[in-house]
Structure formats: structure tokens, C-alpha cells
Amino acid sequence: MTEKIKNILYLGKDEKFAHSLKRMMQLYRQDFRLHVNTSLNQLPQTLEGKLYDAILFDTQFLSDDGQALLHQIYRLAAKFPVIF
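Under our numbering, the first residue of the sequence shown is numbered 47, with each subsequent residue one higher.
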């Protein structure tokens with residue numbers, strides 16, 4: 047039986063970390079697909095109409111107005127588990 051591929055969204059600024067995590071998943075967890083978003087401006091488009099099994103959120107992604115960003119993520123991604 048084939049396993050369902052799990053789609054995970056990484057929200058963070060660290061592109062090197064995201065690349066390393068993506069590579070590790072490709073090598074060791076073929077049932078996981080990591081999608082990367084390093085831009086706050088692209089967040090609504092990234093979440094719109096997509097089905098993710100989880101969102102991996104790097105708290106360094108937060109700026110001075112972090113609370114507003116968290117509210118935006120909650121509003122756009124309320125149906126996804128978010129891991130900080």
C-alpha cells in the first residue's frame with residue numbers, strides 16, 4: 047500500500063535551513079513534501095486554495111508587528127496545524 051504524501055509548508059527567512067530540511071526530507075522521508083515560503087508578501091497566495099498537512103513556522107519570521115502576522119496566519123490557515 048502506498049502512503050499518502052504529506053505536504054508541509056515552511057514559513058521562515060532562513061533559506062539555507064529550508065534547503066537543508068527539504069533535502070533531508072527528500073532523502074529520508076519520501077512521503078513528505080516541503081513547500082517553502084520566505085516572503086511575507088507571498089503568504090496569502092501561498093495559502094490560498096492549498097492543502098497542507100502542517101505548517102512549520104520559524105518565529106524569526108516575525109517582525110516588529112508579529113502579533114498582526116500571527117493573526118493573519120491564523121485567519122488564512124486556521125484549518126492547518128501550525129508548529130512553532
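Glycine is no exception: its CB is placed at the ideal position from the N, C-alpha and C atoms.
Report task. Could you name the residues of the same chain whose beta carbon sits closer than 6 Å to that of G58, not counting the 5 residues immediately before and after it, in chain order? Result -> On the sequence shown, position 12 is the one that residue 58 refers to. Once the five neighbours on either side are set aside, the close Cβ partners of G58 are D104, F107.
Query raised in the report: So what's K62 in DSSP terms, helix, strand or just coil?
Result: Working through the sequence shown from its first residue, we reach residue 62 at position 16. Note: K62 maps to helix in three-state DSSP.
Requested in this report: For the region 89-105 and the region 51-67, state whether three or more C-beta atom pairs, one from each stretch, are separated by less than 8 Å.
Outcome: yes
**Report entry** Proximity winner among M70, R69, E49, K125, relative to K96 (alpha-carbon distances)
**Finding:** Your numbering for residue 96 matches position 50 in the sequence shown. Closest by alpha carbon: K125.
Requested in this report: Return the CA-CA distance between D99 and K68, expressed in angstroms with no decimal places.
Outcome: Here residue 99 refers to the residue found at position 53 of the sequence shown. Here residue 68 refers to the residue found at position 22 of the sequence shown. So the alpha carbons of these two residues sit roughly 16 Å apart.
Query - N53 versus I119, Q118, H81, L116, residue with shortest Cα-Cα distance - result: Here residue 53 refers to the residue found at position 7 when the sequence shown is read from its first residue. Looking at the Cα atoms, H81 is the closest of the given residues.
Query raised in the report: Which stretch, first to last residue, makes up the beta strand (DSSP E) that contains L55?
Result: Here residue 55 refers to the residue found at position 9 when the sequence shown is read from its first residue. Note, L55: beta strand (DSSP E), 52-57.
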